[in-house]
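In order, the protein sequence lines correspond to chains A and B. Our numbering puts the first residue of the first sequence at 10, with every later residue one more than the last. Our numbering puts the first residue of the second sequence at 5, with every later residue one more than the last. Only one structure is covered here, and it is reproduced in the block below.
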Amino acid sequence: MNENTDLLDQFRCLASTQPREAGPYLEQKLTAAFRARHPQRIRRISLYTAAAALAAMALIAFLLYPKPQPPPRFEYVYSAPGFIPLPYAESGVPLESVVVMRVQMRRDQLSSLGVTAPAAAESAKISADILVGQDGVPRAVRFVQ
Amino acid sequence: MTPDADLLKLAAKGNEPAFVSLYQRHQGPLFRFTLHMSGQVETAEEIVQEIFLSLLTDSRNFVPGKGTLQGYLIGIARNMLRTRLRQNQRFVSDASEPVSPHSELFDALSKQQDLQDLRSAILSLPPNYREVVVLCDIEGLDYSQTASHLACPVGTVRSRLHRARAVLSAKMQKRIRCSA
Chain A
10 MNENTDLLDQ FRCLASTQPR EAGPYLEQKL TAAFRARHPQ RIRRISLYTA
60 AAALAAMALI AFLLYPKPQP PPRFEYVYSA PGFIPLPYAE SGVPLESVVV
110 MRVQMRRDQL SSLGVTAPAA AESAKISADI LVGQDGVPRA VRFVQ
Chain B
5 MTPDADLLKL AAKGNEPAFV SLYQRHQGPL FRFTLHMSGQ VETAEEIVQE
55 IFLSLLTDSR NFVPGKGTLQ GYLIGIARNM LRTRLRQNQR FVSDASEPVS
105 PHSELFDALS KQQDLQDLRS AILSLPPNYR EVVVLCDIEG LDYSQTASHL
155 ACPVGTVRSR LHRARAVLSA KMQKRIRCSA
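So, in structure tokens, the structure goes:
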């Protein structure tokens, strides 16, 4: 029993005289090894962060800056009395100058433009004014009484 | 305190503070175990380094349900120590004994000599006896913790410890008789 107690005392003494932890340089070496193993991840994370920041800045700029207003289309056409805008003629090109051409058209030709001729017009040819934009696209039509 | 398994997952994903926390939590007991098993500070530090490097490369071998991370790390340390033991045949006690400031005094020298003899006696034990002495008597773990770390029944720990202490007592008594 006594021998065991002496031995246990010596164990305790031995434990107290020995270093308790590895040297601090070991932690530094392992941290360096860890960083060497995960550099791509760190770089990828920073890339993601930069991309997210750019996206956020772009969104803020988009929301804050006033958007250019599109030029009013067909305003000129609507202001001209009797003209009916042609449904396919929204070319996106602002109407700057126009030419009005008087033509004789058949009912079916008018229908192909998307315009229904007045019911009164039963004759084979119908007189109409075609409003043509500076780009050569017919924008509106007006029936001649 | 964040569980080891969570820290391990974070470290595997590249979280450096998680890895450092794991290291700081476990390096002490691991270092002491390997130090007392090998008797050499350099060997102990090399093994601790290798263990944490292996954690870096593949931590998926640790299954939290099967035991503690410390037990798992001690298991790796035991395997590494066995490999080194096979290579070196026998560990030799480190000569760099810390020098007492009163080493000129006879009793301090005598005490140092006693500890040196005890270290040598522990190192001369078979590894399976040495493990239980280191974990139970030097590290102060209880039988069940030691059994868990060594993956053996508690009864085996008891019997190995009993025999190891008997061998150590005999060696120490023999030394006293020789020096008398």
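For every residue, glycine included, the Cβ atom is placed at its ideal position computed from N, Cα and C. From a predicted model like this one, the values you see are computed outputs, not experimental measurements.
Chain-order list of chain A residues neighbouring residue 14/B: empty, with the shortest C-beta distance near 12 Å, by a criterion of under 7 Å. Rounded to the nearest whole angstrom, the CA to CA distance from residue 134/B to residue 41/B is 7 Å. At least one CB atom of chain B sits nearer than 8 Å to the CB of residue 42/A. For residue 32/A and residue 72/A, the gap between their C-alpha atoms comes out near 56 Å.
The C-alpha of residue 69/B is placed about 21 Å away from the C-alpha of residue 17/B. In this structure, residue 95/A lies near residue 124/A, with their beta-carbon atoms less than 8 Å apart. Assigned with DSSP and collapsed to three states, residue 108/A falls in strand. Burial state of residue 46/B is exposed, judged by a 10 Å Cβ sphere holding fewer than 16 other Cβ atoms. Between residue 31/B and chain A, the shortest Cβ-Cβ separation is below 8 Å.
Excluding the 5 residues flanking it on each side, residue 149/B has same chain C-beta neighbours closer than 8 Å at 139, in chain order.
For residue 136/A, the enclosing beta strand (DSSP E) has its first and last residue at 134-142. With a cutoff of 8 Å on beta-carbon distance, residue 36/A and residue 27/B are scored as near each other. In this structure, DSSP gives residue 152/A an extended state, which the three-state scheme calls strand. Of the residues 67/B, 172/B, 157/B, the one whose Cα lies closest to the Cα of residue 118/B is 172/B.
According to DSSP, residue 114/A shares a beta bridge with 135/A. Shown here for residue 8/B: same chain residues with a beta carbon closer than 6 Å to its own, the five before and five after excluded, namely 73 in chain order.
Residue 136/B sits close to residue 164/B, with the two beta carbons spaced by under 8 Å. For residue 70/B, there is no enclosing alpha helix (DSSP H), as DSSP marks it with neither H nor E.
The closest CA to that of residue 63/B, considering only 86/B, 77/B, 50/B, is found on 77/B.
Inclusion of residue 81/B and residue 23/B in the CB contact set at 8 Å is not warranted, their separation being larger than that value. A straight line joining the alpha-carbon of residue 35/B with that of residue 167/B spans about 25 Å.
Judged by DSSP secondary structure, residue 10/B falls within the alpha helix (DSSP H) whose first and last residues are 8-16. At a beta-carbon threshold of 7 Å, the residues of chain A lying near residue 27/B are 36, 39, ordered along the chain.
Separation of residue 121/A and residue 115/A (C-alpha to C-alpha, rounded to the nearest whole angstrom) is 10 Å. Neighbours of residue 33/A in chain B, taken as residues at a C-beta separation under 7 Å, are lacking, since the least C-beta distance is about 11 Å. At a C-beta separation below 8 Å, residue 49/B has these neighbours in chain A: 31, 32, 35.
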